[in-house]
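S.K.: Numbering (my numbering), first residue to last: 24 to 519.
Note that CB positions come from ideal geometry on N, CA and C, so glycine has one too.
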Amino acid sequence: MPEHSEKIYDIFIAGGGINGIGVARDAAGRGYSVCLCEMNDFASGTSSNSTKLIHGGLRYLEYYKFRLVQESLKEREVLLKMAPHIIWPMRFILPHSKGMRPAWLLRLGLFLYDHLGFRKILPGTSHIKLNNSEFGSPLKSNFKFGYEYSDCWVDDSRLVILNAIDAASKGANIQNYCKVTNVSKSDGLWSITTTNSIDGKQRVSKAKSFINASGPWIDDVLESSFKKKNSKNVRLVRGSHIVVNKLFDHDRSYICQNNDNRIFFMIPYEDKFTLIGTTDIDHGQSAGKVEISEEEQLYICKSANEYLNTEISLKDIVWSYSGVRPLYDDGASEAQDATRDYVIKVEEQDSSLMVNIFGGKITTYRRLSESILKHVEGFLGKRGNSWTEKSSLPGGDIAVDGQLDLQNKIQMRYPFLTEETIKRLVRSYGTISFDIYGDAENIDSLGDHFGSGLYEREVKYLIREEWSRTSDDILFRRSKLGLSLSEDEIKKLDLY
Ligand code: FAD
Numbered sequence: 024m025p026e027h028s029e030k031i032y033d034i035f036i037a038g039g040g041i042n043g044i045g046v047a048r049d050a051a052g053r054g055y056s057v058c059l060c061e062m063n064d065f066a067s068g069t070s071s072n073s074t075k076l077i078h079g080g081l082r083y084l085e086y087y088k089f090r091l092v093q094e095s096l097k098e099r100e101v102l103l104k105m106a107p108h109i110i111w112p113m114r115f116i117l118p119h120s121k122g123m124r125p126a127w128l129l130r131l132g133l134f135l136y137d138h139l140g141f142r143k144i145l146p147g148t149s150h151i152k153l154n155n156s157e158f159g160s161p162l163k164s165n166f167k168f169g170y171e172y173s174d175c176w177v178d179d180s181r182l183v184i185l186n187a188i189d190a191a192s193k194g195a196n197i198q199n200y201c202k203v204t205n206v207s208k209s210d211g212l213w214s215i216t217t218t219n220s221i222d223g224k225q226r227v228s229k230a231k232s233f234i235n236a237s238g239p240w241i242d243d244v245l246e247s248s249f250k251k252k253n254s255k256n257v258r259l260v261r262g263s264h265i266v267v268n269k270l271f272d273h274d275r276s277y278i279c280q281n282n283d284n285r286i287f288f289m290i291p292y293e294d295k296f297t298l299i300g301t302t303d304i305d306h307g308q309s310a311g312k313v314e315i316s317e318e319e320q321l322y323i324c325k326s327a328n329e330y331l332n333t334e335i336s337l338k339d340i341v342w343s344y345s346g347v348r349p350l351y352d353d354g355a356s357e358a359q360d361a362t363r364d365y366v367i368k369v370e371e372q373d374s375s376l377m378v379n380i381f382g383g384k385i386t387t388y389r390r391l392s393e394s395i396l397k398h399v400e401g402f403l404g405k406r407g408n409s410w411t412e413k414s415s416l417p418g419g420d421i422a423v424d425g426q427l428d429l430q431n432k433i434q435m436r437y438p439f440l441t442e443e444t445i446k447r448l449v450r451s452y453g454t455i456s457f458d459i460y461g462d463a464e465n466i467d468s469l470g471d472h473f474g475s476g477l478y479e480r481e482v483k484y485l486i487r488e489e490w491s492r493t494s495d496d497i498l499f500r501r502s503k504l505g506l507s508l509s510e511d512e513i514k515k516l517d518l519y
């Protein structure tokens with residue numbers, strides 16, 4: 024028999040990706056009562072499988088998506104100030120050679136990119152010579168010059184987790200491994216059944232409004248939980264990335280144009296690696312398990328080899344990941360042409376509110392949340408003002424360029440930690456690192472060591488404060504230590 028909750032929530036949210044969690048945080052901060060259920064781990068869907076850029080999207084200018092580009096460009100500095108521990112400025116080199124988009128068009132695009140977003144912190148575009156430069160040395164010699172512009176890097180899954188921590192600290196009931204399995208209406212309220220995938224327990228909650236933030240699963244939720252037949256609103260477009268050992272030593276990324284006119288990135292990743300991607304193909308299957316195909320792996324290697332001095336092949340791939348973009352189906356013929364903008368569909372009937380979220384980007388999650396809150400306010404009445412623009416995410420109470428300073432402070436307080444671990448702590452937890460390590464005086468006080476600087480003390484924190492239930496939660500979403508730990512070390516963590 025399902026357990027029935029007495030409480031009537033203002034808002035129930037299905038889906039713990041960036042969009043659902045972003046709405047939960049904003050709403051809880053305005054004083055609404057919120058419950059959010061995620062069927063797997065937070066960010067286990069698309070939100071940990073992105074290219075990890077807070078960007079305007081240079082290529083969207085070609086599609087005249089000025090609203091989307093401008094909103095995204097403005098968000099870069101807002102988000103950078105909110106979370107300078109997990110988001111940092113990154114310079115992108117756009118190498119140029121014959122046969123590519125003409126140089127005048129690139130200059131025009133970059134001029135717009137520099138000026139549409141009212142930049143104050145990020146430096147603007149510059150021309151760069153590539154021959155005889157450390158930035159040109161990984162590239163073939165036909166790339167003699169290029170342009171360099173700014174965007175930001177984000178640890179996407181940590182962005183979700185930090186928003187979740189903040190939402191919970193503001194009173195939201197946030198749960199992972201808890202699937203929405205049925206939704207019905209009675210007495211003007213939504214009645215939502217959830218099933219916990221760990222203990223199998225069912226629970227029925229009541230809410231005045233329901234937000235479907237299930238991303239690629241949005242049509243599944245409409246069909247299986249709402250019993251709506253033939254829901255076909257979303258176009259699932261798969262994007263995959265490969266990770267190879269570091270291809271270059273500097274901190275710049277490359278944005279490259281492919282023979283088919285698509286663009287892809289080569290980005291410094293987790294200190295020891297280079298991240299390359301993405302692809303853009305219709306997924307053609309249900310949202311379930313998403314994996315890179317061999318065809319995609321070959322495509323990415325071939326694309327990179329058009330640029331690189333040293334060729335890469337399938338054997339160089341140390342890791343890969345894939346995600347599906349839950350794009351609103353606007354009928355575009357090619358996957359890469361489908362709109363990346365978010366679409367919010369609102370249904371208000373029988374004194375209840377239902378909102379479906381389609382598409383969107385990590386970059387625009389905060390603005391999307393504000394738009395949704397406008398609908399919620401219209402329905403439930405206003406409780407508080409919009410507040411997230413000037414807020415810090417947990418651990419992000421440092422200056423925009425304050426990572427090094429924080430590293431030094433952690434080093435002074437915990438001199439027994441390695442430089443590599445301290446850098447990881449700063450870029451995962453920011454000032455929360457002091458709560459995790461607390462009064463630790465030496466390495467022995469950190470408990471068991473699981474490898475690569477991951478000690479029992481951090482694992483306990485991740486279980487207690489960040490909802491970690493499996494070793495994958497810890498190794499691939501709370502961190503990327505899964506790339507460094509050996510099989511035996513992972514087994515040890517599994518058994519913990
Ligand atoms: P998701 O993150 O998929 O979250 C939906 C969640 O709902 C999932 O966790 C799922 O488990 C859960 N769920 C489903 N059904 C149920 C249910 N019945 N009950 C409970 N929970 C349920 N954006 C950028 O800004 N910058 C980038 O560089 C970028 N690169 C990208 C690269 C790729 C390859 C892809 C695919 C996307 C990229 N994006 C990027 C876009 C961005 O990643 C997505 O728009 C965003 O992550 C979508 O978030 P979401 O919350 O809507 O979906």
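#1: Return the CA-CA distance between Y388 and I380, expressed in angstroms with no decimal places.
#2: Going by DSSP in three states, V341 sits in which element: helix, strand or coil?
#3: If you check the beta carbons only, do I459 and V449 fall under 8 Å apart?
#4: Does D305 come out as helix, strand or coil in the three-state DSSP assignment?
#5: Tell me the start and end of each unbroken alpha helix (DSSP H) in the segment 342 to 407 that is at least 4 residues and wholly inside, in chain order.
#6: What span of residues does the beta strand (DSSP E) with W213 cover, start to end?
#7: Mapping the DSSP letters down to three states, classify D274 as helix, strand or coil.
#8: Just to confirm, are R99 and I77 a CB contact at a threshold of 8 Å?
#9: Just reading off the beta strand (DSSP E) that I335 is part of, what are its end residues?
#10: Which full runs of the beta strand (DSSP E) of 3+ residues lie inside the segment 445 to 479, going along the chain?
#11: In terms of alpha-carbon separation, which member of G80, K224 and L102 lies closest to E26?
#12: Quick one: what's got a C-beta closer than 7 Å to V347's C-beta in the same chain, skipping five residues either side?
#13: Since R363 and G382 should fall inside the 8 Å C-beta cutoff, what is the C-beta to C-beta distance between them, to a whole number of angstroms?
#14: With 8 Å set as the bound, which would you pick, yes or no: does the beta-carbon of K269 sit closer than that to a beta-carbon of chain E?
#15: Would the C-beta of H78 count as close to the ligand FAD, meaning under 7 Å from any of its heavy atoms?
#16: Under DSSP, the alpha helix (DSSP H) around D189 begins and ends at which residues?
#17: When you measure from the CB of K525 to every non-hydrogen atom of the ligand FAD, does any distance come out below 7 Å?
#18: Measuring alpha carbon to alpha carbon, tell me which of N186, G147 and Y322 ends up nearest T301.
#19: According to DSSP, simplified to helix, strand and coil, what is M24?
#20: Where does I221 land, buried or exposed, given buried means 16+ other C-beta within 10 angstroms?
#21: Verify whether the separation of the beta carbon atoms of L498 and L485 is less than 8 Å.
#22: Which residue spans inside the segment 246 to 300 form an unbroken beta strand (DSSP E) run of at least 3?
#23: Under 8 Å by Cβ, that's how I've got N256 and D352 pegged, so tell me the actual separation to the nearest angstrom.
#24: Rounding to the nearest angstrom, what Cα-Cα distance links V275 and A327 in this structure?
#25: Check whether the Cβ of E61 lies closer than 7 Å to any heavy atom of the ligand FAD, and answer yes or no.
#26: To the nearest angstrom, report how far apart N219 and F134 are at their CA atoms.
#27: Between V244 and A47, is the Cβ-Cβ spacing less than 8 Å?
#28: By the DSSP assignment, the beta strand (DSSP E) with V57 in it spans what residues?
#29: Below 6 Å CB to CB, which residues in the same chain sit around V369 once its five sequence neighbours on both sides are set aside?
#30: Nearest to E371 by alpha carbon, out of R390, L350, E400 and G354?
M.R.: Quick look at the numbers:
#1: If you number the sequence shown from 1, residue 388 lands on position 365. If you number the sequence shown from 1, residue 380 lands on position 357. Rounded to the nearest angstrom, the two C-alpha atoms are 11 Å apart.
#2: As a first step, residue 341 must be located in the sequence shown, where it is residue number 318. It is a strand residue.
#3: Within the sequence shown, residue 459 is the residue found at index 436, counting from 1. Within the sequence shown, residue 449 is the residue found at index 426, counting from 1. No, these two residues do not count as a Cβ contact at 8 Å.
#4: Here residue 305 refers to the residue found at position 282 when the sequence shown is read from its first residue. Strand at D305.
#5: 388 to 403
#6: On the sequence shown, residue 213 is found 190 positions in, with the first residue counted as 1. Segment L212 to N219, the beta strand (DSSP E) holding W213.
#7: As a first step, residue 274 must be located in the sequence shown, where it is residue number 251. Three-state DSSP puts D274 in coil, outside helix and strand.
#8: Here residue 99 corresponds to residue number 76 of the sequence shown, with the count starting at 1. Here residue 77 corresponds to residue number 54 of the sequence shown, with the count starting at 1. Yes, they are a contact pair.
#9: Position 312 of the sequence shown, counted from the start, is the residue given in the question as residue 335. Where I335 is concerned, there is no enclosing beta strand (DSSP E), given that its DSSP letter is neither H nor E.
#10: 472 to 474
#11: On the sequence shown, position 3 is the one that residue 26 refers to. Among G80, K224 and L102, the Cα nearest to that of E26 belongs to K224.
#12: Sequence index remark: in the sequence shown, residue 347 carries index 324 (1-based). Counting only Cβ-Cβ distances below 7 Å, and skipping sequence neighbours, we find T69, P239, L259, V260, R261, H306, A310 and V313.
#13: Within the sequence shown, numbered from 1, the residue matching residue 363 stands at position 340. Within the sequence shown, numbered from 1, the residue matching residue 382 stands at position 359. Their Cβ separation, rounded to whole angstroms, is 6 Å, which keeps R363 and G382 in contact under 8 Å.
#14: The chain inventory of the structure shown lacks chain E, comprising one protein chain alone.
#15: The sequence position of residue 78 within the sequence shown is 55, counting from 1. Indeed, a heavy atom of the ligand FAD lies less than 7 Å from the Cβ.
#16: Translated into the one-based positions of the sequence shown, residue 189 becomes position 166. Note, D189: alpha helix (DSSP H), D179 to S192.
#17: The requested residue 525 does not occur in the structure, where the chain is confined to residues 24 to 519.
#18: Walking along the sequence shown from the start, residue 301 turns up at place 278. The shortest C-alpha separation from T301 is found at Y322.
#19: Start at 1 with the first residue of the sequence shown, and residue 24 comes out as number 1. The answer is coil: DSSP assigns M24 none of H, G, I, E or B.
#20: Along the sequence shown, read from residue 1 onward, the residue named residue 221 stands at position 198. With fewer than 16 other Cβ atoms within 10 Å, it is exposed.
#21: Translated into positions along the sequence shown, residue 498 becomes position 475. Translated into positions along the sequence shown, residue 485 becomes position 462. No, the Cβ-Cβ distance between L498 and L485 is not below 8 Å.
#22: 257 to 268, 276 to 280, 286 to 292 and 296 to 300
#23: The sequence position of residue 256 within the sequence shown is 233, counting from 1. The sequence position of residue 352 within the sequence shown is 329, counting from 1. Their Cβ separation, rounded to whole angstroms, is 6 Å, which keeps N256 and D352 in contact under 8 Å.
#24: Counting from one through the sequence shown, the residue named residue 275 turns up at place 252. Counting from one through the sequence shown, the residue named residue 327 turns up at place 304. One detail in the question is off: residue 275 reads as Arg in this sequence, not Val. Taking the straight line from one Cα to the other gives about 16 Å.
#25: Residue 61 sits at position 38 when you count from the first residue of the sequence shown. E61 Cβ: within cutoff of the ligand FAD.
#26: Here residue 219 refers to the residue found at position 196 of the sequence shown. Here residue 134 refers to the residue found at position 111 of the sequence shown. Going from the Cα of N219 to the Cα of F134 covers about 51 Å.
#27: Taking the first residue of the sequence shown as 1, we reach residue 244 at position 221. Taking the first residue of the sequence shown as 1, we reach residue 47 at position 24. Not closer than 8 Å, so no.
#28: By 1-based counting over the sequence shown, the position of residue 57 is 34. First-last of the beta strand (DSSP E) with V57: V57 to C60.
#29: Walking along the sequence shown from the start, residue 369 turns up at place 346. Closer than 6 Å at the Cβ level, and outside the excluded window around V369, lie V378 and H398.
#30: Here residue 371 refers to the residue found at position 348 when the sequence shown is read from its first residue. Answer by Cα proximity: E400.
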